[in-house]
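S.K.:
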Amino acid sequence: MTISSMNRLIISIVVLFCVHFASAVRADAQNVFEQTVSFDKIVHDFGDIMLSDGPQECTFKVKNISDRPVVIHRVLTSCGCTEPTWTEAPIRPGDTGEIKVVFSNDQGPYPFSKSVTVYVAGLSKPVILKVRGVVHERQKSLSELFPVSAGPVGFREASVSLGQIEQGLARSVEVEMANTSGRAVEVRFADMTPGLTVSMASATVPARSKVRISCMVDTRGTEGQKWGKTPFTFSVVVDGRKYSKVLTVEALIKENFASLSESQKRAGALPQFESSSIELGVVEAGTVLNGEFTVKNIGKDAFRIYKVDTSEGGTTVDVPEPVPFGERGTVRVRVNTKGQSGEMLNILTLITNSPTRPIINLFVIYTVK
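For the sequence shown, the working numbering assigns the number 33 to the initial residue and increments by one for each residue that follows.
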């Protein structure tokens with residue numbers, strides 16, 4: 033073997049190792065909670081099921097990634113139609129437990145989304161899992177079930193939510209995609225927003241069939257620049273033809289306080305708003321309204337607002353500079369009521385650096401005649 037050949041072999045091995053290592057690091061950050069446990073998924077989608085199919089079961093895998101045993105204390109569901117069972121024995125470091133959920137499927141045809149709340153020893157708050165799907169009384173065509181189309185392939189809806197993600201971590205969700213045509217197609221994904229990875233097991237989707245694609249948002253790919261409600265988009269390329277921004281993956285990105293001790297969290301920024309709502313009266317459509325909220329920081333660290341999301345269009349919000357301990361700041365809001373009517377509840381969602389109040393909702397109330 034020549035020196036150049038040896039060098040090429042070494043370079044290839046190093047590249048393969050780096051790719052594998054990067055993939056492992058990315059996977060390790062996925063669905064991790066407080067560096068204690070990781071879940072193989074946080075949402076299970078049963079997809080389309082028939083009322084005649086009877087009960088449906090799914091399993092969530094829980095891995096102990098800490099250095100001490102963990103215990104799943106209890107699991108609660110939001111509805112009596114979902115029944116959980118779980119690994120009750122301590123899960124040793126590196127080992128995996130299970131949470132099984134049975135959906136009774138006996139309440140008639142309807143779309144369902146049920147919460148599964150998991151209490152794990154060592155976590156400061158429970159983990160919220162979801163089971164969802166659509167129950168049908170009669171068979172429907174793929175075109176009816178997947179109306180958001182990209183040529184011959186389709187999705188159920190134009191957007192999917194990943195819920196809340198802390199900075200430095202990742203979350204994933206599986207989304208069903210269907211080939212509604214009578215021929216096999218080749219599918220790939222492009223133009224992904226930084227931080228989003230979309231993948232599927234095979235590029236070929238058989239005729240009139242459904243496949244699952246994995247959408248993962250890794251906040252490290254956003255370089256810490258994205259906060260609050262953040263849309264991630266991608267293009268679907270079908271047999272070489274590109275369809276742009278067919279599906280949006282939404283995530284609410286918030287601060288990560290996992291590295292702080294309990295005493296550090298208690299000493300962190302702590303906002304105290306004089307009021308959580310303001311009423312701006314009755315106005316004509318097109319009126320521009322102005323209001324403000326006053327906040328005092330009673331925590332030791334300076335209080336910072338990273339971003340404000342609003343529930344109504346035509347709303348702009350000015351936030352104060354970081355508010356030192358004992359000082360006050362003003363959140364100013366301006367609403368253009370053009371196109372609005374009736375009683376309005378405009379929700380301002382603040383993403384902050386407060387360990388105890390990372391997400392704060394303020395309310396602007398008014399009526400447009």
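Each residue gets a CB set at the ideal place from its N, CA and C atoms; glycine is no exception. Quick caveat: nothing in here was measured; it's all calculated off a predicted structure.
Which residue's Cα is closest to the Cα of ARG215: ASP341, LYS242, ILE197 and VAL320?
M.R.: If we check each option's Cα against that of ARG215, LYS242 comes out closest.
S.K.: Over the uninterrupted alpha helix (DSSP H) stretch that includes GLN171, give me the two end residues.
M.R.: Per DSSP, GLN171 belongs to no alpha helix (DSSP H) and is neither H nor E.
S.K.: What alpha helix (DSSP H) runs, 4 residues minimum, are completely inside the segment 288-334?
M.R.: Listed in chain order, they are 294-298.
S.K.: Please say whether VAL349 and VAL355 have beta carbons closer to each other than 9 Å?
M.R.: No, these two residues do not count as a Cβ contact at 9 Å.
S.K.: Report the option in VAL270, HIS105 and THR128 whose CA atom is closest to the CA atom of SER181.
M.R.: Among VAL270, HIS105 and THR128, the Cα nearest to that of SER181 is on VAL270.
S.K.: By how many angstroms is the C-alpha of PRO387 removed from the C-alpha of ASP85?
M.R.: Each residue's alpha carbon lies about 46 Å from the other.
S.K.: Are HIS402 and VAL163 closer than 9 Å when you measure CB to CB?
M.R.: Since the first residue of the chain shown is 33 and the last is 401, residue 402 is not available in this structure.
S.K.: When the Cβ atoms of the segment 63-78 are set against those of the segment 143-163, are three or more pairs found closer than 8 Å?
M.R.: Judged by Cβ distances under 8 Å, the segment 63-78 makes contact with the segment 143-163, as three or more pairs qualify.
S.K.: From GLU311, ILE74, SER191 and LYS286, pick the residue whose C-alpha is nearest to that of THR149; which is it?
M.R.: Nearest C-alpha to THR149: ILE74.
S.K.: Which partner residues of ARG21 appear in the DSSP bridge assignment?
M.R.: Because the chain is modelled from 33 through 401, residue 21 falls outside the range shown and cannot be assessed.
S.K.: Between the alpha carbons of ARG244 and GLY200, how many angstroms are there, rounded?
M.R.: Going from the Cα of ARG244 to the Cα of GLY200 covers about 26 Å.
S.K.: Can you give me the C-alpha to C-alpha distance between VAL167 and ASN211, rounded to a whole angstrom?
M.R.: When rounded, the distance between both Cα atoms is 21 Å.
S.K.: In this structure, does DSSP put LEU83 in helix, strand or coil?
M.R.: LEU83: helix per DSSP, three-state reduction.
S.K.: VAL185 and ALA317: beta carbons closer than 9 Å?
M.R.: Contact: no.
S.K.: Restricting to Cα atoms, I'd like to know which of GLU189, GLY253, ARG336 and LEU177 is closest to ARG240.
M.R.: Taking only the C-alpha atoms, the option nearest ARG240 is LEU177.
S.K.: If you draw a straight line from the alpha carbon of SER276 to that of ASP223, how long is it in whole angstroms?
M.R.: Whole-angstrom Cα-Cα distance: 8 Å.
S.K.: Mapping DSSP to helix, strand and coil, what is THR254?
M.R.: Residue state, collapsed to three classes: helix.
S.K.: Out of GLU353, LYS332 and LEU228, which one is the CA nearest neighbour of VAL205?
M.R.: The shortest Cα separation from VAL205 among GLU353, LYS332 and LEU228 belongs to LEU228.
S.K.: Starting from ILE379 and walking both ways along the beta strand (DSSP E), at which residues does that stretch end?
M.R.: Unbroken beta strand (DSSP E) run through ILE379: 374-384.
S.K.: Just reading off the beta strand (DSSP E) that ILE97 is part of, what are its end residues?
M.R.: Run containing ILE97: none; DSSP gives neither H nor E here.
S.K.: So is MET82 buried or exposed if we call it buried at 16+ other beta carbons inside 10 Å?
M.R.: Exposed, because fewer than 16 other Cβ atoms sit within 10 Å of the Cβ of MET82.
S.K.: Whose CA, out of VAL107, VAL94 and GLU120, lies closest to the CA of ASP127?
M.R.: Selected option, being the one with the closest Cα: VAL94.
S.K.: What does the Cβ neighbour count give for GLN419, buried or exposed, with the cut at 16 atoms within 10 Å?
M.R.: Lying before the first or after the last residue shown, residue 419 is absent from the chain, which here runs from 33 to 401.
S.K.: Would you mind giving the Cβ-Cβ distance between THR381 and GLY260, rounded to the nearest angstrom? I have them listed as a contact below 8 Å.
M.R.: That belief holds up - the Cβ atoms of THR381 and GLY260 are roughly 7 Å apart, short of 8 Å.
S.K.: Rounded to a whole number of angstroms, what is the C-alpha to C-alpha distance between TRP118 and GLU130?
M.R.: Rounded to whole angstroms, TRP118 to GLU130 spans 6 Å at the Cα level.
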